[in-house]
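Sequence positions in the sequence shown follow mature numbering (1 follows the signal peptide of the UniProt record, and there is no 0) and run -17 to -1, 1 to 96. Here a beta-carbon is modelled for each residue, glycine too, at the ideal position from N, C-alpha and C. Nothing here was measured: the structure is a model prediction, and the numbers come from that model. Working notes, structure below.
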Amino acid sequence: MWGVVWMLVSMVIVCRGQTDEDEKRPYKFAFAIEGYQHRSESKDERGIIMGEFGFVTGDGVYHVTVYATDENGNFKILSMKNFYIGLPGEGTTAAPSTTRTTSPPAALSTTRS
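As structure tokens, then:
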């Protein structure tokens, strides 16, 4: 019993040690499984997140979504596109390559709604 209490107290102390600086620390990552799915995301020093993800559904459609947040953490979908790439064995083209911007687009509102 005391072991469980000690563990919970330790977890609270560790969690309280995290600061707002951790939440605004910049990062960047990306991965791709060619022809099946991809994801990329980055956060700048202001805490603005930009990213995109895509995946193939069973009907042979590659779905791509581009998203971002503003300084307040409000999530926005900037674009959604669908490309028919075909079913396995149809001999159609591979998933489209995608690009994303490195700064928030002008359409991204920075006011809280």
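With 16 other CB atoms within 10 Å as the buried threshold, where does residue i fall?
i          : result
residue 41 : exposed
residue 31 : buried
residue 33 : buried
residue 63 : exposed
Nearest-angstrom Cα distance between residue i and residue j?
i          : j          : result
residue 51 : residue 71 : 32 Å
residue 38 : residue 17 : 10 Å
residue 28 : residue 8  : 6 Å
residue 56 : residue 12 : 19 Å
residue 53 : residue 21 : 23 Å
residue 47 : residue 65 : 6 Å
residue 61 : residue 15 : 21 Å
residue 67 : residue 19 : 12 Å
Does the distance from the CB of residue i to the CB of residue j come in under 8 Å?
i          : j          : result
residue 49 : residue 35 : yes
residue 10 : residue 23 : no
Considering just the uninterrupted stretch of the beta strand (DSSP E) at residue i, what are its terminal residues?
i          : result
residue 32 : 32 to 39
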